[in-house]
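Heads up, the thing below is written out as structure tokens.
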Amino acid sequence: MKMSLYETAVSQFNKAAKVLGIPDDYAEILRRPKRSLIVEFPVQMDDGSVRVFTGFRVQHNTARGPAKGGIRYHANTNLDEVKALAFWMTWKTAVMNLPYGGAKGGIRVDPKKLSWKELERLSRRYFSEIQIIIGPQNDIPAPDVNTNSDVMAWYMDTYSMNVGYTSLGVVTGKPVDLGGSKGREEATGRGVKVCVGRACKDIGVDPSKATIVVQGFGNVGQYSALLSQKELGSRVIAVSDSKGGIFNPQGLDIKALIEHKSKYGRVDTFSDGKKISREDIFSIKADVLIPAALENSITAENANLINVKAIIEGANGPVTPEADEILRSKGVLVVPDILANAGGVTVSYFEWVQDLQAFFWKIEQIRESLEMMMNEAYTETKEIAKKYDVEMRTAAYILAINRVLYAIQKRGLYP
Ligand SMILES: NC(=O)C1=CN([C@@H]2O[C@H](COP(=O)(O)OP(=O)(O)OC[C@H]3O[C@@H](n4cnc5c(N)ncnc54)[C@H](O)[C@@H]3O)[C@@H](O)[C@H]2O)C=CC1
Ligand SMILES: O=C(O)CCC(=O)C(=O)O
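Numbering (this note's numbering), first residue to last: 2 to 416.
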């Protein structure tokens, strides 16, 4: 039977827990989410009718600090998915050694079918409903799929109205002039870029000569492609989004492609390349593949087609466990999501620190600190992979589990 996303996430964890020999009672504390909140809430549509939406917020673990993680709007979002994403956030914040736990939220909605005003009413009502477990010291949301700085500004304002004062630290990913941090928008892509550079060296490819394909062209895909091209000198030869893809073996002009995507909402109509299908992206020969769309993109069905030396997981959970095994047997280096896409939450941490201190940093300081922390986490993960003779994913879990387990044991179990 097919595993659910949460079961998939837990199976990755179990592998590392086994290597570490963690007693099963402690492993069980680490597997289960601490709190899962489901909210059903009404929203008035522009035509005066009322629709009831379902939203979620799951706090997986808070042993190392407040819960932290994004909120997504998607037609298929469900509790199992949000539980898996919250689970991954716990390990991601621990891999980066951030003083946070893990959480995630979502609303089951296709935001493209709502007007701007409907989206605002939906966002504000959802945030009021989940506010009972949210706050700058207990759970700090951020953007994820189909949410952005505008939505974060509505969340911050809603929370502030409800508590009676302006609380900048309650969400991250806000507009820069409203308590946001410089560099948060590009942060996940910048972290991916650092991993592309490091992975290229590990597979014996000069990053400035590397060819890259990118699946998904939203926040993460765009900045991963742009920064790899601009700062590493790599050649991005194919890109896809939910409507199709575009391929140019000479290299795509990513800046122009971003402008095209923002104007027309798709990449496959870009004139300087050959149109390909969404699935074609997985069989293009290149050095590096960056999946930056949704979970379960690389499966047992398409893993055999993959013709790259390294995969840098920009998305959360893009590779299924069966595909992971196939890629391993093909010798593909997989840099796991809980390390590769951790740049976003790291700059979210910087944003939160800036908000709490009401003192804001320069972009150079943010970029330098982020790149230093990404490099450190990559090095630590690699060292563990070598020590235990495991792949990078299990190594990243080992690094993270040790940190979370230490916090749980040191704090003690008794109230
Ligand atoms: N935004 C952030 O800071 C972070 C996001 N992530 C993860 O990265 C992934 C992408 O997130 P964002 O870029 O923020 O979302 P987004 O909403 O900005 O972009 C998603 C992109 O994926 C594309 N897409 C959807 N289905 C596709 C398919 N079947 N084939 C090709 N493309 C497809 C969409 O067209 C869109 O271009 C998600 O897994 C998210 O959880 C992870 C860490 C941080
Ligand atoms: O910036 C954050 O707090 C969380 C980003 C996120 O949701 C993720 O890393 O998957």
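Beta carbons are placed, not taken as given, at the ideal position from N, Cα and C, and that holds for glycine. Predicted model only: the values in this text are computed from it and were never measured.
In this structure, the alpha-carbon of arginine 199 lies about 8 Å from that of tyrosine 379. In the assembly as shown, tryptophan 89 is a buried residue. Its beta-carbon has 16 or more other beta-carbons within 10 Å. Relative to the Cα of isoleucine 327, the nearest Cα in the group Asp47, Glu372, Glu392 belongs to Glu392. In the structure shown, threonine 63 falls within a coil segment according to DSSP collapsed to helix, strand and coil. Apart from sequence neighbours up to five positions away, the residues of its chain that approach asparagine 342 with a beta-carbon distance below 6 Å are Thr189, Gly315, ordered along the chain.
In this structure, the C-beta of glutamate 352 stays at least 8 Å away from each heavy atom of ligand 1.
Straight through space, the alpha carbons of lysine 194 and serine 229 are spaced by roughly 5 Å. Just so you know, the alpha carbons of serine 37 and isoleucine 141 end up roughly 15 Å apart. Residues whose Cβ lies closer than 5 Å to any heavy atom of ligand 2, listed in chain order: Lys69, Gly70, Gly71, Ala143, Asp145, Gly345, Val346, Ser349.
At least one heavy atom of ligand 1 lies closer than 8 Å to the C-beta of glycine 174.
Not one heavy atom of ligand 1 is found less than 8 Å from the C-beta of aspartate 158.
Between ligand 1 and arginine 279, a heavy atom-to-CB distance of less than 8 Å is present. According to DSSP, threonine 55 shares a beta bridge with Glu41.
If you look at lysine 262, you'll find it in the alpha helix (DSSP H) that goes 255-265. Just so you know, the alpha carbons of lysine 175 and histidine 75 end up roughly 20 Å apart.
The beta-carbon distance between valine 348 and isoleucine 367, rounded to whole angstroms, is 6 Å. This is short enough to meet the 8 Å contact definition. Selection Asn317, Thr63, Ala301, Gly345 evaluated against arginine 329 yields Ala301 as nearest (Cα-Cα). Glutamate 296 has its alpha-carbon roughly 27 Å from the corresponding atom of leucine 21. It is roughly 16 Å from the alpha-carbon of aspartate 338 to the alpha-carbon of lysine 69.
From the listed residues Lys3, Ile131, Arg32, the smallest Cα separation to isoleucine 402 is found for Arg32.
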